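Residue numbers (mature numbering (1 follows the signal peptide of the UniProt record, and there is no 0)): -23 to -1, 1 to 150.
Don't be surprised by glycine CBs; every beta carbon is placed ideally from N, CA and C.
Fair warning: this is a prediction, and the values are worked out from it, not measured in the lab.
Single-structure report; data block below.
And the structure:
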């Protein structure tokens, strides 16, 4: 399997040439909390920390209704991914912005249009083929689009680059 930097290089080039993205929109400090599961920050109305973010525990995350999609990704064969929709997670915290920034444990950060992600059914998967995702296997959270449902839209570089493994933070703008 190719390393993440090699795989994402083509996606990054496509993003920069196809949009107004800047280098700062694809690199940066993820600000992931040590021992945290998912931090949601920015334009949200529900917070539970003194720094006005929402720290969602794994237990709370797993109480959200799960959606299951059968799809392939550039890094996996066709598989059954399951987890809550991005939309349901954002609704839980009263997110009010149209732009998102998804950040991973390795400090990879990418800008995502919220409307696009919700329209095409991005899920925040915590399992693949019934097995919990681990840090060695895209987890604990992997943002996944149902690529096989809309290949003409979702198999191009921009949506592919938005499938973030080891997701730990969402910033709403």
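Identify, in the order they occur along the chain, each residue of the same chain with its Cβ nearer than 6 Å to the Cβ of residue i, setting aside the five sequence neighbours on each side.
| i | result |
| --- | --- |
| residue 82 | 9, 143, 145 |
| residue 35 | 14 |
| residue 73 | 20 |
Give the straight-line distance between the Cα atoms of residue i and residue j, rounded to the nearest whole angstrom.
| i | j | result |
| --- | --- | --- |
| residue 48 | residue 118 | 16 Å |
| residue 71 | residue 11 | 24 Å |
| residue 92 | residue 75 | 7 Å |
| residue 55 | residue 126 | 12 Å |
| residue 39 | residue 60 | 8 Å |
| residue 77 | residue 90 | 6 Å |
| residue 13 | residue 149 | 18 Å |
| residue 112 | residue 29 | 27 Å |
| residue 134 | residue 37 | 32 Å |
| residue 69 | residue 79 | 17 Å |
| residue 107 | residue 114 | 13 Å |
| residue 140 | residue 45 | 16 Å |
| residue 128 | residue 27 | 42 Å |
| residue 18 | residue 99 | 19 Å |
| residue 136 | residue 52 | 14 Å |
| residue 147 | residue 57 | 23 Å |
Tell me which residue opens and which closes the beta strand (DSSP E) that residue i is part of.
| i | result |
| --- | --- |
| residue 78 | 76 to 81 |
| residue 32 | 31 to 33 |
| residue 26 | Unbroken run through residue 26: none, as it is neither H nor E. |
| residue 132 | Where residue 132 is concerned, there is no enclosing beta strand (DSSP E), given that its DSSP letter is neither H nor E. |
| residue 19 | 15 to 19 |
| residue 58 | 53 to 60 |
| residue 100 | 100 to 102 |
| residue 120 | 119 to 121 |
Look up residue i in the DSSP assignment and say whether it is helix, strand or coil.
| i | result |
| --- | --- |
| residue 47 | strand |
| residue 36 | helix |
| residue 141 | coil |
Taking 8 Å as the limit between beta carbons, can you name the residues of its chain near residue i, skipping five residues before and five after?
| i | result |
| --- | --- |
| residue 109 | 103, 116, 117 |
| residue 25 | 31, 32 |
Over what stretch of residues does the alpha helix (DSSP H) that includes residue i continue unbroken?
| i | result |
| --- | --- |
| residue 94 | 91 to 96 |
| residue 66 | 63 to 69 |
Keeping to the same chain, check which residues put their C-beta closer than 7 Å to that of residue i; ignore five residues upstream and five downstream.
| i | result |
| --- | --- |
| residue 6 | Annotation note: pLDDT 44 at residue 6 (below 50); position unreliable, no value reported. |
| residue 64 | 95 |
| residue 43 | 59, 60, 61 |
| residue 124 | 48, 49, 50, 131, 132 |
| residue 101 | 60, 61, 63, 66, 118, 120, 144 |
By the 10 Å Cβ neighbour count, where 16 or more other Cβ atoms means buried, how is residue i classified, buried or exposed?
| i | result |
| --- | --- |
| residue 151 | Residue coverage of the chain in this structure runs from -23 to 150, which leaves residue 151 outside it and unanswerable. |
| residue 105 | buried |
Answer with yes or no whether the minimum CB distance from residue i to chain B is below 8 Å.
| i | result |
| --- | --- |
| residue 83 | Absent from the structure: chain B. Only one protein chain is present. |
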